[in-house]
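J.: Residue numbers (this note's numbering), protein chains in the order written: chain B, 1 to 349; chain P, 1001 to 1296; chain S, 2001 to 2272.
Even glycine gets a Cβ: it sits at the ideal position worked out from N, Cα and C.
It should be emphasised that the depicted structure is a prediction, and the values quoted were computed from it without experimental measurement.
Please find one structure pasted underneath; my questions will follow.
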């Protein structure tokens, strides 16, 4: 499609726009947690007012809408022969309020899961959703500018930049254009574009943490190696709790388990997110653990995000969202570790 | 990486991780393992490549990756040889004819290099349960005997009563198609065959290092010693193949459990060239002579 | 294929505990009836007056804290094909083990003064320290979904290892707000899950009732909380929780006391 012009939707019209969408399909977006003011999670909006556009971050990224934290894959009976029944909901929905970093996380998983042989469960779930992005204000953990995701729009259908009254709306797909037909908008003028540009400038200026070298250098540093002291020093504090993985928008490892009904008539197979930082993740039946040492697991996470997947898909598997640093109860900060790796490599050289 | 499977079946089910039903045709107790012969409902062949594995579901117990131990040249059924290690493998061991299981696969693009082996001498080394995946390859080569040069198989078991496929391996001893060396670590009073670990007979075998391809399967601790012996025979690292065991969950390179540095064992393997393994620290830490453990 | 066992006979027993785990199991209500339809309950003091010396599966709640407990659990072990330790007291000794820090004589004196001479007490031990245990259900009290899972594993002849992942995993899978964000200190990162992170789901910190995960990094809290360059969230945690190293250790040992139980009272006296 040809690049369509940007539109502006005033705040009052936006509420009506949301209501019009919600009349047709569920809308999932950031909501304030009940009884926990100032903290947010992605969930189905019951009313347009539930949408919390100025949310900072969420514990778990919106990838959970495409591959649930725990999801039923199929059910089975314990008859002979067993009856198998695929569990999959194909109804459409709108995912609203995704920050550029989290859009980048969805993009990362689109790449990883569509690598042949593709995981069609993810792609089929992705086809269900229209994505509406939303620009943000950084907090002290954010470092999107360091991995180049601060202005990412891929793979959204519409993108909103907050303005004094309403939003500047970028249209990024035909599906987005069709969705926007439900809204009462006006053409964006020079002033509107300037306001949005100002928002982006202020956002970039608000990013505090900085890598001491460009992100592509980190891949080279990891490839050369000789970083064991940094891994071990990090592992000294690490709990191996896996929260850096379970909150990461680009992590996609999982486990599968069966559960049976209490009446033992049948059951289901479930998938849950898993973490390479957990002690038993790379344990094999014969008892050997390929990453039995904590520092080996710490190293693996870095190699995966900034080396292997970086090389395979030509992008870091990190969106700069800062969730891993925020979730770390050992206060291990990704940017801090990156800079220690960079320093260690410079010392070697 | 080993050669990709040529006739990889179109997997109709893996996209959503729903397995296909298969029926247990026969079962047989092997020493410390169970042999299970399976067939799909519609009688279609598995269409696997020697070295590939399937994800086997026993519903209510879960799913486990198991190597196929039969040859695609005998397509009327496919067979598994399973050691009871966890809940799923125990449930597989408890199967009886007529029972149903779920099958996903076959999986693995890195298989035994049956094309590259053509017109070459082939040396196979099996330790313990590692005989299971190699059995399919042995059958395959025997069924296409004219395509291959000298064919040598070394098999080491712990004790005489641990020898898998007893009758069949006895036939191999008589079979002029292959030179079969069978050894046990701990002989009993009745044992008249060779004794010693699997590398003992290996030392005696003269190979033409220019024209031989070797493949081994067994416990990971065995690999380093086999590799050292083969390298001593001047066999290059890139003509030595190892079949690795990992805890595959998905089988399609997504779940991350089998990742070995940048490789997914389920997708890129499970059979790897030793030369490729040596480049990976997480394999090198286990199987290579000591070196800096931190270069990627 | 599930090959069903014959309808097994089930008995519940208790040792030093509050019997709260059994009470929790009763709270399963209809689901419990579904599960129990596959078995025959022959003894369960909390719900019935019948008793039996013949049973296949024994659920044992509580720690072993008396000499006669040892004999009793041994005789239960002899009769039962399957023995399950039910709850934290039976599986990891729970608070009962706190007394193991002192000689038993002192413990008796602390509680009963001069009149405790007849008290039969030995250092508290989990059931598995005395007899082999087939299944462990941890937690104070046990989590009902896990009880159900273990029950189904027993019925279908499957082994069950208590999860070796920290509570953080389940907490995140529930998309619960980390209590550190509210300035609380939580034992989730080192504590075995299986509870579905129920405490954090209700806004409380994990107290560690299911015991430590394997290779738990118990050195980390001190290494973290006393750092000077803490990030805002952690700095707030440290400010609101001005713990000494000793207090941090105390938090770890409420459910996880690793003091060596002294077998003989005489030797405890020597150590005192």
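Closest to residue 2208 of chain S by C-alpha separation, out of S/2236, S/2239, S/2255, S/2228, would be which residue?
T.: Ranking S/2236, S/2239, S/2255, S/2228 by Cα distance to residue 2208 of chain S puts S/2255 first.
J.: Once you ignore the five residues that flank residue 1096 of chain P on each side, which residues in its own chain have a CB closer than 8 Å to its CB?
T.: Correct list, in chain order: 1024, 1027.
J.: Using CA coordinates, which residue listed in P/1261, P/1240, P/1200 is at the minimum distance from residue 1272 of chain P?
T.: Taking only the C-alpha atoms, the option nearest residue 1272 of chain P is P/1240.
J.: Give a yes or no on whether the C-beta atoms belonging to residue 239 of chain B and residue 2216 of chain S are separated by under 9 Å.
T.: Yes; because the gap between Cβ atoms is below 9 Å, this pair is in contact.
J.: Quick check on residue 343 of chain B: buried or exposed, where buried means 16 or more other Cβ atoms within 10 Å of its Cβ?
T.: Looking at its Cβ environment, which holds fewer than 16 other Cβ atoms inside 10 Å, residue 343 of chain B is exposed.
J.: If you run the structure through DSSP and keep just helix, strand and coil, what is residue 17 of chain B?
T.: The answer is helix: DSSP assigns residue 17 of chain B an H, G or I state.
J.: Using CA coordinates, which residue listed in P/1035, P/1061, P/1021 is at the minimum distance from residue 260 of chain B?
T.: Measuring from the Cα of residue 260 of chain B, the nearest candidate turns out to be P/1061.
J.: Starting from the N-terminal side, write out each stretch of the beta strand (DSSP E) that is 3 residues or longer and does not extend beyond the segment 20-74 of chain B.
T.: Segments of the beta strand (DSSP E) lying fully in the segment 20-74 of chain B: 27-33, 36-44.
J.: Just to confirm the assignment, what range does the beta strand (DSSP E) spanning residue 2010 of chain S have?
T.: That run of the beta strand (DSSP E) goes 2009-2014.
J.: Would you mind telling me which residues of chain S sit closer than 8 Å to residue 39 of chain B, beta carbon to beta carbon, in chain order?
T.: By Cβ distance, chain S contributes 2177, 2181.
J.: Would you kindly report the start and end of the unbroken alpha helix (DSSP H) that includes residue 2149 of chain S?
T.: Taken as a continuous stretch (DSSP letters only), the alpha helix (DSSP H) holding residue 2149 of chain S covers 2144-2155.
J.: Can you give the Cα-Cα distance for residue 1268 of chain P and residue 182 of chain B, rounded to whole angstroms?
T.: Their backbone Cα atoms lie some 48 Å apart in a straight line.
J.: Can you tell me which residues form a DSSP beta bridge with residue 2044 of chain S?
T.: Paired residue(s): S/2012.
J.: As an exercise, report each continuous alpha helix (DSSP H) stretch of at least 4 residues that is fully enclosed by the segment 1141-1217 of chain P, in chain order.
T.: Complete alpha helix (DSSP H) runs here, min 4: 1166-1174, 1199-1204.
J.: Ignoring anything shorter than 3 residues or poking outside the segment 2060-2105 of chain S, list the beta strand (DSSP E) runs there in chain order.
T.: The segment 2060-2105 of chain S contains these whole beta strand (DSSP E) runs: 2082-2086.
J.: For residue 154 of chain B, which three-state DSSP category applies?
T.: DSSP places residue 154 of chain B in coil when its eight states are reduced to three.
J.: Any C-beta of chain P sitting closer than 9 Å to the C-beta of residue 2113 of chain S?
T.: No, residue 2113 of chain S lies away from the interface with chain P (no Cβ there is under 9 Å from its Cβ).
J.: Just list the beta strand (DSSP E) runs in the segment 2233-2257 of chain S, keeping only unbroken ones of 3 residues or longer that don't cross its boundaries, in chain order.
T.: Counting whole runs of 3 or more residues, the segment 2233-2257 of chain S contains no beta strand (DSSP E) stretch at all.
J.: So, does the CB of residue 2069 of chain S fall closer than 9 Å to a CB anywhere in chain B?
T.: No - not a single Cβ of chain B is within 9 Å of the one on residue 2069 of chain S.
J.: Going by DSSP in three states, residue 1226 of chain P sits in which element: helix, strand or coil?
T.: Looking at residue 1226 of chain P - three-state DSSP - the assignment turns out to be helix.
J.: Which chain B residues are close to residue 1262 of chain P, counting only those with a beta carbon under 7 Å from its beta carbon?
T.: In chain order: 308.
J.: Beta-carbon within less than 7 Å of residue 223 of chain B's beta-carbon, same chain only, minus the 5 sequence neighbours each way: which residues are those?
T.: Hits under 7 Å: 307.
J.: In this structure, does DSSP put residue 217 of chain B in helix, strand or coil?
T.: It is helical.
J.: Where in the segment 222-280 of chain B do unbroken runs of the beta strand (DSSP E), each at least 3 residues long, occur, reported from the N-terminal end onward?
T.: Qualifying beta strand (DSSP E) stretches, in chain order: 254-260, 266-273.
J.: With 16 other CB atoms within 10 Å as the buried threshold, where does residue 219 of chain B fall?
T.: Residue 219 of chain B is buried by the Cβ-count criterion.
J.: For the segment 1120-1129 of chain P and the segment 1143-1158 of chain P, state whether three or more C-beta atom pairs, one from each stretch, are separated by less than 8 Å.
T.: Yes, they touch.
J.: Can you find a C-beta in chain B that's less than 9 Å from the C-beta of residue 2252 of chain S?
T.: So no, residue 2252 of chain S is outside the interface.
J.: Pull up the DSSP beta-bridge partners for residue 1104 of chain P, would you.
T.: Partner(s): P/1055.
J.: With a cut-off of 9 Å, does the C-beta of residue 262 of chain B fall near any C-beta of chain S?
T.: Judged by the 9 Å Cβ criterion, residue 262 of chain B is in contact with chain S.
J.: Among B/242, B/122, B/14, B/166, which one has its Cα closest to the Cα of residue 301 of chain B?
T.: Of the candidates B/242, B/122, B/14, B/166, the one whose C-alpha sits nearest the C-alpha of residue 301 of chain B is B/242.
J.: Count Cβ pairs between the segment 16-29 of chain B and the segment 45-53 of chain B that sit closer than 8 Å; are there 3 or more?
T.: Yes, since at least three Cβ pairs between the segment 16-29 of chain B and the segment 45-53 of chain B fall closer than 8 Å, the two stretches touch.
J.: Secondary structure at residue 289 of chain B, three-state DSSP: helix, strand or coil?
T.: Looking at residue 289 of chain B - three-state DSSP - the assignment turns out to be strand.
J.: Express the C-alpha separation of residue 1030 of chain P and residue 1094 of chain P in angstroms, rounding to a whole number.
T.: Taking the straight line joining both Cα atoms gives about 13 Å.
J.: Quick one: grab the DSSP three-state call for residue 1068 of chain P.
T.: If DSSP states are grouped into helix, strand and coil, residue 1068 of chain P belongs with the strands.
J.: Compile a chain-ordered list of the residues in the segment 265-288 of chain B whose CB is closer than 8 Å to at least one CB of chain S.
T.: If the cut-off is 8 Å between Cβ atoms, the segment 265-288 of chain B has 272, 273, 275, 278, 279, 280 near chain S.
J.: If you measure from the beta carbon of residue 105 of chain B to each beta carbon in chain P, is any gap under 9 Å?
T.: With 9 Å as the cut-off, residue 105 of chain B does not count as an interface residue toward chain P.
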